[in-house]
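Asker: Sharing a structure here in structure tokens format.
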Amino acid sequence: MSEPRREKVFLLHGIALNRFSLLFLEKRLRKSGFEAEAISYPSTKHSLDDLAQWFYAKYLAPDVLQNFDRIHFVGHSMGGLVIRRALHNYRDQLPADKIGRVVMLGTPNGGSEIADFLQKFIPFRKLYGPAGAELTTHHQKSLQAPLYYEAGAIAGTSRWLYPLASIWIKGDHDGRVSVKSTKLPDLKDHMVINASHTFMIYRGRTARLVISFLKNGQFQS
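When we follow this note's numbering, the leftmost residue of the sequence shown carries the number 115, and every step to the right adds one.
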């Protein structure tokens, strides 16, 4: 009798947060049979390229990958950008047969209009550091690259927590990121839910959608 496949899921949090923000999703993924691990990373201390290098060296090195049949990824907000950057920058070093699926939750793939505005202020730049400066719409739109893996994105449309956000964000948004900005040309699936940027990661429906995509390559709630 063959051994069951070992499938690992790494979860990366948004800027200025830590792994504890993703414990709900981590627990739900483990109950579904994945070896899930939410990790903390120095999101406000380095650039996206440096964070991608750190993530690759610590979690995607050959001695780690050899223990699993497939590696999946879930990123909330900027965590999705770190995942995308790592998979792009180290594409030649990563075994293609082990790279699984990627789910991005409220990830500003096209940048954030809120970051465009806040970048003008010194306290924001000091608090959010080099990576925060890269969240602008201009910067992110200049860094789009084709995806060679299956990826899905979930966008939120609940803005009640951020009543002023509509001053800067046009169209539907989650209070921090527009629905439009979560999209990429090569996405395998895209889902819009009634959730805010902050709280989408604590919703049961989000967990079900993530699990569905990781298992089947599409969002089924």
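Cβ coordinates follow ideal geometry from the N, Cα and C atoms, glycine included. Note that the structure is a prediction, hence the values are computed from the model and not measured.
Return helix, strand or coil for A265, following the three-state DSSP convention.
Answerer: Counting from 1 along the sequence shown, the entry for residue 265 is found at position 151. Looking at A265 - three-state DSSP - the assignment turns out to be strand.
Asker: Assign H186 to buried or exposed, taking buried as 16 or more other Cβ atoms, counted over all protein chains shown, within 10 Å of its Cβ.
Answerer: By one-based count along the sequence shown, residue 186 stands at place 72. Looking at its Cβ environment, which holds 16 or more other Cβ atoms inside 10 Å, H186 is buried.
Asker: Is the CB-CB distance between L179 and K212 below 7 Å?
Answerer: Here the question's residue 179 lines up with position 65 in the sequence shown. Here the question's residue 212 lines up with position 98 in the sequence shown. Yes, the pair counts as a contact, with Cβ atoms nearer than the cut-off.
Asker: Rounded to whole angstroms, what is the Cα-Cα separation between S191 and S146?
Answerer: Here residue 191 is taken as the residue at index 77 of the sequence shown, counted from 1. Here residue 146 is taken as the residue at index 32 of the sequence shown, counted from 1. Cα to Cα, S191 sits roughly 23 Å from S146.
Asker: DSSP three-state label for K294, please.
Answerer: Looking up residue 294 in the sequence shown gives position 180. Helix.
Asker: Using the Cα positions of V324 and L232, report the straight-line distance between them to the nearest angstrom.
Answerer: By 1-based counting over the sequence shown, the position of residue 324 is 210. By 1-based counting over the sequence shown, the position of residue 232 is 118. In a straight line, the C-alpha of V324 is about 31 Å away from that of L232.
Asker: Could you spell out where the beta strand (DSSP E) holding D303 opens and where it closes?
Answerer: Residue numbering aside, residue 303 sits at position 189 when the sequence shown is read from its first letter. Per DSSP, D303 belongs to the beta strand (DSSP E) from 303-307.
Asker: Within 10 Å of its beta-carbon, does R215 have 16 or more other beta-carbons around it, so buried, or fewer, so exposed?
Answerer: Position 101 of the sequence shown, counting from 1, holds the residue named residue 215. That one is buried.
Asker: Return the first residue and the last residue of the beta strand (DSSP E) that I315 is part of.
Answerer: Position 201 of the sequence shown, counted from the start, is the residue given in the question as residue 315. Where I315 is concerned, there is no enclosing beta strand (DSSP E), given that its DSSP letter is neither H nor E.
Asker: In its own chain, which residues sit with a C-beta less than 7 Å from the C-beta of H253, not counting the 5 before and 5 after it?
Answerer: Counting from one through the sequence shown, the residue named residue 253 turns up at place 139. These residues qualify, in order along the chain: G225.
Asker: Jot down the residue ranges of each uninterrupted beta strand (DSSP E) in the region 198-232, minimum 3 residues, whole runs only, in chain order.
Answerer: The qualifying runs are 213-219.
Asker: Classify M115 as buried or exposed, calling it buried when 16 or more other Cβ atoms lie within 10 Å of its own Cβ.
Answerer: As a first step, residue 115 must be located in the sequence shown, where it is residue number 1. In this prediction, M115 scores a pLDDT of 44, lower than 50, which makes its location untrustworthy; no coordinate-derived value is stated.
Asker: On the DSSP bridge list, what partners appear for L125?
Answerer: For the purposes of this step, residue 125 is taken as the residue at position 11 of the sequence shown. DSSP output for L125 lists A152, V188 as bridge partner(s).
Asker: Taking contact to mean at least 3 C-beta pairs separated by less than 8 Å, is the region 200-208 in contact with the region 299-315?
Answerer: The region 200-208, when compared against the region 299-315, does not touch it at the 8 Å Cβ threshold.
Asker: Exposed or buried, D177, counting other C-beta atoms within 10 Å across all chains shown (16 or more means buried)?
Answerer: Mapped onto the sequence shown, residue 177 falls at position 63. Its Cβ having fewer than 16 others within 10 Å, D177 is exposed.
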